[in-house]
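Colleague: Quick one: the structure is below, questions incoming.
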Amino acid sequence: MRRIYLDNNATTPIHPDVAESIRPFLNGLFGNPSSTHFAGRDVKGPYDAARAAIAAMIGATTDALVITSCGSEANNHAIKGIAYAARSKGHIITSTVEHPAVLNVCRYLETQGFPVTYLPVDGLGLVDPDDVRDAIRKDTILVSIMYANNETGTVMPIRQIVEAAHEKGVPVHSDMVQALGKIAVDLKGLGVDLASFSGHKVYAPKGVGALYVREGIALDNLIHGGHQEEGRRAGTENVIGIIAFGKACELAGAHAEEHTARLEALRSRLLDGILDRIDDVRLNGHPTQRVPNTLNLSFEFVESESLLFSLDRKGIAVSAGSACSSGSNEPSHVLLAMGIPGPLCQSALRFSLGWGNTEEEIDYVLEVLPGAVGRLREMSPFYRK
Ligand SMILES: *Cc1c(COP(=O)(O)O)cnc(C)c1O
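First residue of the sequence shown: 744, per the numbering used here; consecutive thereafter.
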């Protein structure tokens, strides 16, 4: 059976060039980069080069990077690190549409006595920078708002949010896991103070991420131990993960325009094809202010879990809401926060495209989807057409 993978926001396949780049480190180059002998020196150079490639991709200097085990760790490090470095239990501002790796950190900190404000979004999924301005209190220590949403692809007005927060001297963290490799991430231009990234969302393996920390930001450590990462994150370096992440950033940087154009064309082909063939379909998220690979659609009168299952049987992998909440049958917290009615949230499917997808694959999806939707609608007591 054919296998068509349209769930790249959950994780991406490892790019062949990335796989090639780590081969020497699986076969012989095994040293600890902190060792000063030959085995350590053999990996220290490539390790530093890979860190530099990640830094270059986000417009940062290498000393502003802390390599982590994943995007979730980067978010935890940023938010808990700021919270615990503050002298008193300061106030945190975030949004209702964040990834669980931000939302649940904030919920945890609430149990530890830190007050948190969860800002609403509009119908397209945007936080209003004026709401950030209004929510800031005397004791506010951090604003954490994501750059691109993983479920809808909507891109937040981060520069304006940073302006609003900086007016009152409050630092800003942004979960940029879904932005990297999809839209330009220029940390200097955006002005954020902390930003999180993940390797496996950009064609590197799982188990590596990065946190950007602007110089002068006081942050407590999350993992205490050795002096790796300039004393900011203990644990022997994940050499293979970082070599791979560095290569992935290099590829993403070198092919940025080409990939954006390609993904946009494929997504338009998919969207236009679906709208041509299927009635009662609704686009969730911002129609223009969004990353090029993500398409979130509600198929009215269809249960998204059932549709996901039908497509899977035809070899097509998509997602209902986010990977983190799938299987639970709970409506997406992101779509609910956008004011989308419950039944439409439960009809939502996310298609997230990647570098490897082809026009021919999209056409196969367009062949299969109308029948799958039609069959499920026929079984729905609410569908009358
Ligand atoms: C995937 C994802 C994360 C978590 O990254 P991991 O490396 O899987 O821990 C965080 N935020 C967003 C927006 C994501 O899409």
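All C-beta atoms in this analysis are idealised placements derived from N, C-alpha and C, irrespective of residue type, glycine included.
Can you give the Cα-Cα distance for Val-1045 and Thr-854, rounded to whole angstroms?
Modeller: 38 Å
Colleague: Measure the Cβ-Cβ separation of Asp-1019 and Phe-1042 and say whether it is below 9 Å.
Modeller: no
Colleague: Check the DSSP bridge columns for Tyr-748 and list the partner residues they point to.
Modeller: Looking at the DSSP assignment, Tyr-748 forms a beta bridge with Ala-1060.
Colleague: Nearest-angstrom Cα distance between Pro-759 and Asp-871?
Modeller: 41 Å
Colleague: Return the CA-CA distance between Pro-789 and Ile-986, expressed in angstroms with no decimal places.
Modeller: The alpha-carbon separation between Pro-789 and Ile-986 amounts to approximately 7 Å.
Colleague: Quick check: what's the CA-CA separation for Ala-997 versus Phe-1052?
Modeller: 37 Å
Colleague: If contacts are defined as beta-carbon pairs under 8 Å, then Val-886 and Val-913 qualify, I think. What distance do you get, rounded to the angstrom?
Modeller: 6 Å
Colleague: Leaving aside the five residues before and after Thr-804 along the sequence, list all residues of the same chain whose C-beta is less than 7 Å from its C-beta, in chain order.
Modeller: Excluding positions up to five away in sequence, the list reads Ala-798.
Colleague: For Phe-940 and Glu-1121, I'd like the C-alpha separation in whole angstroms.
Modeller: 43 Å
Colleague: Output the distance between the C-alpha atoms of Met-919 and Ile-904, rounded to the nearest integer angstrom.
Modeller: 14 Å
Colleague: Under a three-way DSSP split, which group does Ser-1053 fall into?
Modeller: helix
Colleague: Mind listing, in chain order, the continuous alpha helix (DSSP H) runs of no fewer than 4 residues lying wholly within the segment 924-982?
Modeller: 930-933, 971-974
Colleague: Could you tell me whether the Cβ atoms of Lys-832 and Gly-802 are closer together than 9 Å?
Modeller: No; because the gap between Cβ atoms is not below 9 Å, this pair is not in contact.
Colleague: Would you mind giving the Cβ-Cβ distance between Tyr-851 and Asp-963, rounded to the nearest angstrom? I have them listed as a contact below 8 Å.
Modeller: Contact doesn't hold; Cβ gap of about 15 Å is too wide.
Colleague: Exposed or buried, what is Asp-936 when buried is set at 16 or more other beta-carbons lying within 10 Å of its beta-carbon?
Modeller: buried
Colleague: Comparing C-alpha positions only, which one of Ala-1063, Phe-1094, Leu-994, Arg-1025 sits nearest to Glu-1007?
Modeller: Phe-1094
Colleague: Any heavy atom of ligand 1 inside 8 Å of the beta-carbon of Lys-1057?
Modeller: no
Colleague: Can we count Ala-891 as close to ligand 1, meaning its CB is less than 8 Å from some heavy atom?
Modeller: Ala-891 Cβ: within cutoff of ligand 1.
Colleague: Would you mind giving the Cβ-Cβ distance between Gly-739 and Arg-794, rounded to the nearest angstrom? I have them listed as a contact below 8 Å.
Modeller: The displayed coordinates of the chain run from 744 to 1128. Any statement about residue 739 would go beyond what the structure contains.
Colleague: Cα separation between Val-761 and Ala-995?
Modeller: 11 Å
Colleague: Using CA atoms only, rank isn't needed, just tell me which of Ile-879, Thr-897, Gln-921 is closest to Lys-911.
Modeller: Ile-879
Colleague: Can you find a heavy atom of ligand 1 that lies under 8 Å from the Cβ of Cys-849?
Modeller: No; taking the cut-off as 8 Å, the Cβ of Cys-849 has no heavy atom of ligand 1 nearer than that.
Colleague: First and last residue of the alpha helix (DSSP H) that includes Phe-857?
Modeller: Counting along the chain, Phe-857 falls outside any alpha helix (DSSP H), and DSSP gives it neither H nor E.
Colleague: Would the beta-carbon of Asn-1039 fall within 9 Å of that of Tyr-748?
Modeller: no
Colleague: Might you give, ordered along the chain, the residues of its own chain that have their beta carbon closer than 6 Å to the beta carbon of Asn-981, omitting 5 neighbours on each side?
Modeller: Once the five neighbours on either side are set aside, the close Cβ partners of Asn-981 are Val-951.
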